[in-house]
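J.: Those protein sequence lines, which keep their order, are chains A, B, C and D. Quick note: the first sequence uses this note's numbering, first residue 1, plus one each step. Quick note: the second sequence uses this note's numbering, first residue 137, plus one each step. Quick note: the third sequence uses this note's numbering, first residue 273, plus one each step. Quick note: the fourth sequence uses this note's numbering, first residue 409, plus one each step. Heads up, the beta-carbon is just placed ideally off N, CA and C, and yes, glycines get one too. Owing to the predicted nature of the structure, the values given are computational and were not obtained by experimental measurement. Take a look at this one; I'll ask things after.
There are 4 protein chains.
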Amino acid sequence: MAGLSIAELEERIASSPFNTWMGVEILSADEEKLVCHVKVRPEMLGAASTKAVHGGILAALIDAVCSYVALWVSGGYVATIDLRTDYHRALKGGEMRIEGKMLKSGRQVSSAEASIYDDQQKLIASGRAVIMHTGE
Amino acid sequence: MAGLSIAELEERIASSPFNTWMGVEILSADEEKLVCHVKVRPEMLGAASTKAVHGGILAALIDAVCSYVALWVSGGYVATIDLRTDYHRALKGGEMRIEGKMLKSGRQVSSAEASIYDDQQKLIASGRAVIMHTGE
Amino acid sequence: MAGLSIAELEERIASSPFNTWMGVEILSADEEKLVCHVKVRPEMLGAASTKAVHGGILAALIDAVCSYVALWVSGGYVATIDLRTDYHRALKGGEMRIEGKMLKSGRQVSSAEASIYDDQQKLIASGRAVIMHTGE
Amino acid sequence: MAGLSIAELEERIASSPFNTWMGVEILSADEEKLVCHVKVRPEMLGAASTKAVHGGILAALIDAVCSYVALWVSGGYVATIDLRTDYHRALKGGEMRIEGKMLKSGRQVSSAEASIYDDQQKLIASGRAVIMHTGE
Numbered sequence: 001m002a003g004l005s006i007a008e009l010e011e012r013i014a015s016s017p018f019n020t021w022m023g024v025e026i027l028s029a030d031e032e033k034l035v036c037h038v039k040v041r042p043e044m045l046g047a048a049s050t051k052a053v054h055g056g057i058l059a060a061l062i063d064a065v066c067s068y069v070a071l072w073v074s075g076g077y078v079a080t081i082d083l084r085t086d087y088h089r090a091l092k093g094g095e096m097r098i099e100g101k102m103l104k105s106g107r108q109v110s111s112a113e114a115s116i117y118d119d120q121q122k123l124i125a126s127g128r129a130v131i132m133h134t135g136e
Numbered sequence: 137m138a139g140l141s142i143a144e145l146e147e148r149i150a151s152s153p154f155n156t157w158m159g160v161e162i163l164s165a166d167e168e169k170l171v172c173h174v175k176v177r178p179e180m181l182g183a184a185s186t187k188a189v190h191g192g193i194l195a196a197l198i199d200a201v202c203s204y205v206a207l208w209v210s211g212g213y214v215a216t217i218d219l220r221t222d223y224h225r226a227l228k229g230g231e232m233r234i235e236g237k238m239l240k241s242g243r244q245v246s247s248a249e250a251s252i253y254d255d256q257q258k259l260i261a262s263g264r265a266v267i268m269h270t271g272e
Numbered sequence: 273m274a275g276l277s278i279a280e281l282e283e284r285i286a287s288s289p290f291n292t293w294m295g296v297e298i299l300s301a302d303e304e305k306l307v308c309h310v311k312v313r314p315e316m317l318g319a320a321s322t323k324a325v326h327g328g329i330l331a332a333l334i335d336a337v338c339s340y341v342a343l344w345v346s347g348g349y350v351a352t353i354d355l356r357t358d359y360h361r362a363l364k365g366g367e368m369r370i371e372g373k374m375l376k377s378g379r380q381v382s383s384a385e386a387s388i389y390d391d392q393q394k395l396i397a398s399g400r401a402v403i404m405h406t407g408e
Numbered sequence: 409m410a411g412l413s414i415a416e417l418e419e420r421i422a423s424s425p426f427n428t429w430m431g432v433e434i435l436s437a438d439e440e441k442l443v444c445h446v447k448v449r450p451e452m453l454g455a456a457s458t459k460a461v462h463g464g465i466l467a468a469l470i471d472a473v474c475s476y477v478a479l480w481v482s483g484g485y486v487a488t489i490d491l492r493t494d495y496h497r498a499l500k501g502g503e504m505r506i507e508g509k510m511l512k513s514g515r516q517v518s519s520a521e522a523s524i525y526d527d528q529q530k531l532i533a534s535g536r537a538v539i540m541h542t543g544e
């Protein structure tokens, strides 16, 4: 399987209603890392009082970026088998940089990892997804 | 610590921008289970082609319902330490019922579990959150 | 695929050096649950001072029992894709009862769950494994 | 809290019956990584037929090394809250090198990560533990 190009990944993002809603943008991709960017929108907060971004948004970004890493490496179509997120610090608005990389690429199943940083380069959350390759 | 009442949980949902956006509603609560309801909205889809709900939305609902279970049991305030989601079947729109329950309630840290069903009562996704009690 | 009988599961345990070392025994199996038993041996402790069983032994038992559940349901051969364990209480020696059940049985991939109880019926640890079916 | 020295970590290993049984040895420690070594013993195999090491042993090593990383960074005493292991390749005997590092060090709770390599430097398994600091 040939992996997708950045232009093809951007088409996939554009065809995903929730990834479009979150505003996922690809910043760069080299042999090791796919780097994405998201701007916090007000609906993403978990609590109006603390202004911290909802943990589900952070989990969704780890899922999205791990899936795009798998598509970038292997192409075809994918489905997440399971997703794990560790929450390290509260994120109070601003911008997020999400870095994803492949841990182990397989023919049927791959494992990828992603980390989310705030605009001070502090680690906010990180996690892993196990991804099934569902065909061309 | 005394747990929150359903009315108090509903206030917490109302004060959470993302849980409000997702439309989380409490259907029932007995000594074992907290049952919530969400209607799929078009922005929640992961891919326009497959019409399947984005895995990040399912993870967010497991996080939300596990957190509400912890508040219902123990009150105070909580933060998710980590979140794990298993994806069992694709959900193609419609309604979701999310059932949450406490696995082990602690003073500092609790573990809760949630399962998401479609409107045919099929299990779509399930998972767990480890939750820190951050004070009154 | 036809699942394995209890006698066949016991043969698989007997042919596994580490499961034999741990002393995994099947107590019962009905349509929902596979119940196993293990007696704590001194080498299983995590620290001589606390006398608590090593978390790795508890993880190994969750892996073992989830795998046997998958074999019991589907037969063939399996490999664990990933394993997650939540630690609820320290176990200070004695006996363990491990209950496993299938969460979602699939053709290629299944999810199973197991819980470990001490001889006072207290929940010690629980977790999940995602399992790949690797053929007949 | 001051972290433990390598000599103090070795004392902790020596006082842990199961880590002693597994034969965990510390190879090196620098500001980022703790590197350990284990030689496969015959009782560690998951199946006599495949000669692959039992996934529970790999999970136990990730738990052990993540805990030692937390002790090395912060000292005191620790308990694992939860443990996740991804299995990448079967390990057929020989030696294992386990590399652990801190993801996020906290006062109450820390997250650490470990990876297991075979003697060809191939990644066999990797995972994470969330660890509670239980006092001096």
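Taking His360(C) as the query, report the chain B residues whose CB atoms sit under 9 Å from its CB, ordered along the chain.
T.: Those within 9 Å of His360(C) in chain B are Leu239, Lys240, Gly242 and Ser247.
J.: Taking 8 Å as the CB-CB limit, is Ile329(C) close to chain D?
T.: Yes, its Cβ sits closer than 8 Å to a Cβ of chain D.
J.: Distance, Cα to Cα, Ser513(D) vs Val481(D)?
T.: Their Cα atoms are separated by approximately 8 Å.
J.: Which of helix, strand or coil does DSSP assign to Ala537(D)?
T.: strand
J.: What's the gap between the Cα of Val350(C) and the Cα of Met404(C)?
T.: 6 Å
J.: List, from N- to C-terminal side, the beta strand (DSSP E) runs of 3 residues or more that fit wholly inside the segment 365-393 of chain C.
T.: 367-376 and 381-389
J.: Quick check on Val176(B): does DSSP put it in helix, strand or coil?
T.: coil
J.: What does Gly150(A) touch in chain B if you count any residue whose Cβ is under 7 Å from its own?
T.: The structure shown does not extend to residue 150(A), since chain A is modelled only from 1 through 136, so no value can be given for it.
J.: Helix, strand or coil for Ala456(D)? Go by DSSP, reduced to three states.
T.: Looking at Ala456(D) - three-state DSSP - the assignment turns out to be coil, as it is neither helix nor strand.
J.: With a threshold of 8 Å between beta-carbons, can Val350(C) be considered close to chain B, or not?
T.: no
J.: Would you identify the three-state DSSP class for Val78(A), choosing helix, strand or coil?
T.: strand
J.: Does Val538(D) come within less than 8 Å of chain B when only Cβ atoms are used?
T.: Closer than 8 Å: yes.
J.: Any idea if Thr406(C) is buried or exposed, counting beta-carbon neighbours within 10 angstroms, 16 or more meaning buried?
T.: With fewer than 16 Cβ atoms within 10 Å of its Cβ, Thr406(C) is classed as exposed.
J.: Would you say Ile81(A) faces chain C, with C-beta separation under 8 Å as the test?
T.: yes
J.: If you count every other CB in all the chains shown that lies within 10 Å of the CB of Asp30(A), and 16 or more means buried, which is it?
T.: That one is exposed.
J.: With a threshold of 8 Å between beta carbons, is Asp254(B) in contact with chain A?
T.: no
J.: Less than 8 Å separating the beta-carbons of Gly366(C) and Asp391(C)?
T.: For Gly366(C) and Asp391(C), yes; Cβs fall inside 8 Å.
J.: Considering only residues of the same chain and omitting the five flanking positions on each side of Gly275(C), which have a CB-CB separation below 8 Å?
T.: Leu343, Trp344, Val345, Ser346 and Gly347
J.: Give the secondary structure of Ser288(C) by DSSP, where H, G and I count as helix, E and B as strand, and everything else as coil.
T.: coil
J.: Between the Cα of Ser67(A) and those of Ala112(A), His54(A), Leu27(A) and Gly46(A), spot the shortest distance and give me the residue it belongs to.
T.: Ala112(A)
J.: If you count every other CB in all the chains shown that lies within 10 Å of the CB of Arg400(C), and 16 or more means buried, which is it?
T.: buried
J.: Leu333(C) and His326(C): beta carbons closer than 8 Å?
T.: no
J.: Any beta-carbon of chain C closer than 8 Å to the one on Glu433(D)?
T.: Any Cβ of chain C closer than 8 Å to the Cβ of Glu433(D) would place that residue at the interface, and such an atom is absent.
J.: List the whole-angstrom C-beta distance separating Leu194(B) from Ile252(B), where the pair is believed to meet the contact cut-off of C-beta under 8 Å.
T.: 6 Å
J.: Using a cut-off of 7 Å between C-beta atoms, extract the partners of Ser126(A) located in chain D.
T.: Leu511
J.: Under 8 Å between the Cβ atoms of Gly508(D) and Val477(D)?
T.: yes
J.: Answer with yes or no whether the minimum CB distance from Arg233(B) to chain C is below 8 Å.
T.: no
J.: Kindly indicate if chain D contains any beta-carbon less than 8 Å away from that of His326(C).
T.: yes
J.: My understanding is that His496(D) touches Ala460(D), with C-beta atoms under 8 Å, so please give their C-beta distance in whole angstroms.
T.: No, His496(D) and Ala460(D) are not in contact; Cβ-Cβ is about 12 Å, not under 8 Å.
J.: Return no unless some Cβ of chain D is closer than 8 Å to the Cβ of Leu123(A).
T.: yes
J.: With 8 Å as the threshold, decide whether the Cβ of Ser300(C) is near any Cβ in chain D.
T.: Ser300(C) does not count as touching chain D.
J.: Taking 8 Å as the threshold (C-beta atoms), are Thr85(A) and Asp218(B) in contact?
T.: yes
J.: Identify the residues that DSSP records as bridge partners of Gly543(D): which are they?
T.: Per DSSP, Tyr485(D).
J.: Per DSSP, what kind of secondary structure is Ala468(D) in: helix, strand or coil?
T.: helix
J.: Within 10 Å of its beta-carbon, does Ala250(B) have 16 or more other beta-carbons around it, so buried, or fewer, so exposed?
T.: buried
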